[in-house]
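Chains X and Y supply the protein sequences, listed in that same order. For the first sequence, the positions run 3 to 168 when our numbering is used. For the second sequence, the positions run 12 to 150 when our numbering is used. As structure tokens, the structure follows; a few thoughts come after it.
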Amino acid sequence: MSDNEQSRMIATAMNEGSPQAKALGFTTLEIGDSVAILKVPYRPEIIGDPETGVIAGGVVTTLLDHASGQAVHASMETWTSIATLDLRIDYMRAAEPGLDVLARAHCYKLTRSVAFVRAVAYDRDPEDPVATAQATFMLDSSAGKKPGANFKPPREQRAKTGSTGQ
Amino acid sequence: MSDADTRLVSMLDAIPYARFLGVKAELAGDEMTAMLPFAQHIVGNPMLPAIHGGVLGAFMEMTALAQLSVAAPMKRQPRTIDVSIEYLRSGRPLTTYARASIKKLGRRIANVHVEAWQETRSAPIATMRGLFLVAPSED
Numbered sequence: 003m004s005d006n007e008q009s010r011m012i013a014t015a016m017n018e019g020s021p022q023a024k025a026l027g028f029t030t031l032e033i034g035d036s037v038a039i040l041k042v043p044y045r046p047e048i049i050g051d052p053e054t055g056v057i058a059g060g061v062v063t064t065l066l067d068h069a070s071g072q073a074v075h076a077s078m079e080t081w082t083s084i085a086t087l088d089l090r091i092d093y094m095r096a097a098e099p100g101l102d103v104l105a106r107a108h109c110y111k112l113t114r115s116v117a118f119v120r121a122v123a124y125d126r127d128p129e130d131p132v133a134t135a136q137a138t139f140m141l142d143s144s145a146g147k148k149p150g151a152n153f154k155p156p157r158e159q160r161a162k163t164g165s166t167g168q
Numbered sequence: 012m013s014d015a016d017t018r019l020v021s022m023l024d025a026i027p028y029a030r031f032l033g034v035k036a037e038l039a040g041d042e043m044t045a046m047l048p049f050a051q052h053i054v055g056n057p058m059l060p061a062i063h064g065g066v067l068g069a070f071m072e073m074t075a076l077a078q079l080s081v082a083a084p085m086k087r088q089p090r091t092i093d094v095s096i097e098y099l100r101s102g103r104p105l106t107t108y109a110r111a112s113i114k115k116l117g118r119r120i121a122n123v124h125v126e127a128w129q130e131t132r133s134a135p136i137a138t139m140r141g142l143f144l145v146a147p148s149e150d
């Protein structure tokens, strides 16, 4: 299996398996070589300003976060869990009502524990962005965490209250 | 209901994406707490499960917008200029709360800080700092 085939499989799993990504209808148009391009289709439920019909900034936030994560996976040889550490977004202009929004993310640096990503959201032309983003991700973020780990309180809180979380 | 209450309720009701996520808010005097009840459709990582980081960002941005609507009547909805989000802990399958603090509400720019938490307020799961372009009503 080539790297790009693996990235494509991860992208599909992240779009279909993540309930929020599925609810928003995310699709990955391109993935490979540390780059991912994702699309969110325009629809009335995701409007942020009812007076203008402009898509909510929060939807663009989620799309940029998701695209950035896929760009990190597209830069790694083997899959590892990742988690967003921080995300900075500049909103240049309102997205045009009625148009789908796209996000292109590039993981430009990968270290042993951190990945650095730049991303841009646009509706027609990447050179005329709706928003730009800069994000960092922690690698191997779920180290030692079993499926369902989040049903229990984190260790720091269990220690404080003496509860075992059972 | 106070004027601020009315502005808050009508603002959240009017935003389709706030309804899509299920964002609610309560006002006690001038102190507002926004709430995001856990629901399957806000999950990002189904294995843990964890709330999507983008949803937490969206929720905190909405909290800032709601707090601005409480603070002053606006001619139109504030426009987000930029946000900077820090993720501190995983969003567990629980209700998430958020409070915003307006550091400055100027004639054109508002600076807002937001903190989101679940069971323990002193252990926030995410924080946000945002800049907004505002148009407060003159009166």
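No residue lacks a Cβ here, since even glycine has one placed at the ideal position from N, Cα and C.
With a cutoff of 9 Å on beta-carbon distance, Gly141/Y and Asp67/X are scored as not near each other. Using beta-carbon distances, Ala96/X counts as an interface residue toward chain Y, with a partner under 9 Å.
When the five nearest sequence neighbours on each side are left out, the beta carbons in the same chain lying within less than 7 Å of the beta carbon of Ala137/Y are those of Leu67, Met71, Ile96, Glu97, Tyr98, Leu99 and Ala127, in order along the chain. Taking each of Ser133/Y, His52/Y and Phe31/Y in turn and checking the Cα distance to Ile57/X, the smallest one comes out for Phe31/Y. Where Val119/X is concerned, the enclosing beta strand (DSSP E) starts and stops at Val116 to Tyr124. Pro147/Y sits in a strand when the DSSP states are folded into three classes. Counting only the Cα atoms, Tyr108/Y lies some 27 Å from Ala145/X.
In the structure shown, Arg90/X adopts extended strand secondary structure according to DSSP, grouped into three states. Between the alpha carbons of Gly100/X and Asp24/Y lies a gap of roughly 21 Å. Scanning its chain for C-beta atoms nearer than 7 Å, with the 5 sequence neighbours on each side dropped, one finds around Thr82/X the residues Leu141 and Asp142, in chain order. Per DSSP, reduced to three states, the secondary structure at Ser21/Y is helical.
Put simply, the backbone Cα of Val116/X is about 11 Å away from that of Tyr110/X. Annotation for Ala29/Y: Leu23 and Met73 place their beta carbon closer than 7 Å to its own, counting only its chain and skipping 5 residues before and after. Listed along chain X, the residues sitting closer than 7 Å to Phe31/Y by beta-carbon distance are Glu47 and Ile48. In this structure, the CA atom of Met11/X is about 37 Å from the CA atom of Ala45/Y.
If you draw a straight line from the Cα of Val119/X to the Cα of Pro46/X, it comes to about 30 Å.
Along the stretch 75 to 99 of chain Y, the positions whose C-beta sits under 8 Å from a C-beta of chain X are Arg87, Gln88, Arg90, Thr91, Ile92, Asp93, Val94, Ser95, Ile96, Glu97 and Tyr98, read in chain order. Around Gly60/X, the same chain offers Gly50 as residues with beta carbons nearer than 8 Å, after the five sequence neighbours per side are excluded.
Per the coordinates, the alpha-carbon of Val125/Y lies some 15 Å from the alpha-carbon of Ile92/Y. Bounds of the alpha helix (DSSP H) holding Ser70/X are Gly59 to His75. Judged by their CB atoms, Leu40/X and Leu65/X are nearer to each other than the 9 Å cut-off. Inter-residue distance for Ala13/X and Ala107/X is about 13 Å (C-alpha atoms, whole angstroms).
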